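Student:
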Amino acid sequence: MTSSSRGFGISRRGFLIGGGVGVGLLVAWAAWPRSYSPNLVASEGEEIFNAFLKIGEDGHVTVVVPQAEMGQGVWTSLPQALADELGADWRTVGVEPAPLNPLYANDLWVAENGAAVLPEALSGAGDWAAREFAIRNAVMITAGSTSIRGFETRFREAG
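Numbering follows our numbering, with no gaps: position 27 of the sequence shown is 471.
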């Protein structure tokens, strides 16, 4: 067989090596750890401490809550957990909704219920893949009684 009859001039070995390198790069990119910064806006005299907490010079505390308040009291219970850790006076605590950001993803809900909503390619890929999908796509959903279970520890650590 002459080289002109091979078609594109790519050997089987070269194709397999190139494909292996491509798949390896794709896996490395998918598994590469990422860090996200809070995209909060501080008012005059306010300092952003982390993704869930802003404190003003006058002592007021603003808690950023990523879950929607739908009558379950999540806009009270999560800020109370953070204020308790801070030792803050509850009368000085305010709440604001979180902006769209991967830091506020409800990865617990996706891990528990994601099979119904995840792309078919990720079904059965395991807990890690579901959580990574939620974080990287900023899946901010309030459902499945996951507000307290999914965020209380994060709020306590933020305080």
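The C-beta atom is built at its ideal place from N, Cα and C for all residues, glycine as well. Quick caveat: nothing in here was measured; it's all calculated off a predicted structure.
Nearest CA to the CA of Asp533: which residue from Val505, Trp553, Gly515?
Tutor: Ranking Val505, Trp553, Gly515 by Cα distance to Asp533 puts Val505 first.
Student: When burial is assigned at 16 or more other CB atoms within 10 Å of the CB, is Asp528 buried or exposed?
Tutor: Classification of Asp528: exposed, given that the 10 Å Cβ count is below 16.
Student: Use the C-beta contact count for Thr609: other C-beta atoms within 10 angstroms, 16 or more gives buried, fewer gives exposed.
Tutor: Residue 609 lies beyond the stretch modelled for the chain, which goes from 445 to 603, so this question has no answer here.
Student: Check Met445 in the structure and name its three-state DSSP category.
Tutor: Note on Met445: pLDDT 49, under 50, position unreliable in the model; no value is reported.
Student: Opposite Ile499 in the DSSP bridges: which residues?
Tutor: DSSP output for Ile499 lists Glu491, Val505 as bridge partner(s).
Student: Would you check if the stretch 537–552 and the stretch 505–524 touch, i.e. whether three or more CB-CB distances between them fall below 8 Å?
Tutor: Counting Cβ pairs under 8 Å, three or more are found: they touch.
Student: Put Val537 into one of helix, strand or coil per three-state DSSP.
Tutor: In this structure, Val537 counts as strand in the three-state DSSP scheme.
Student: Looking only at its own chain, which residues have a Cβ that is under 8 Å from the Cβ of Glu556, when we skip the five neighbours before and after it?
Tutor: Correct list, in chain order: Gly588, Thr590.
Student: Is Ala548 helix, strand or coil when you go by DSSP?
Tutor: With the sequence shown as reference, residue 548 is identified as Tyr, and Ala is not the correct amino acid for it. Helix, per DSSP.
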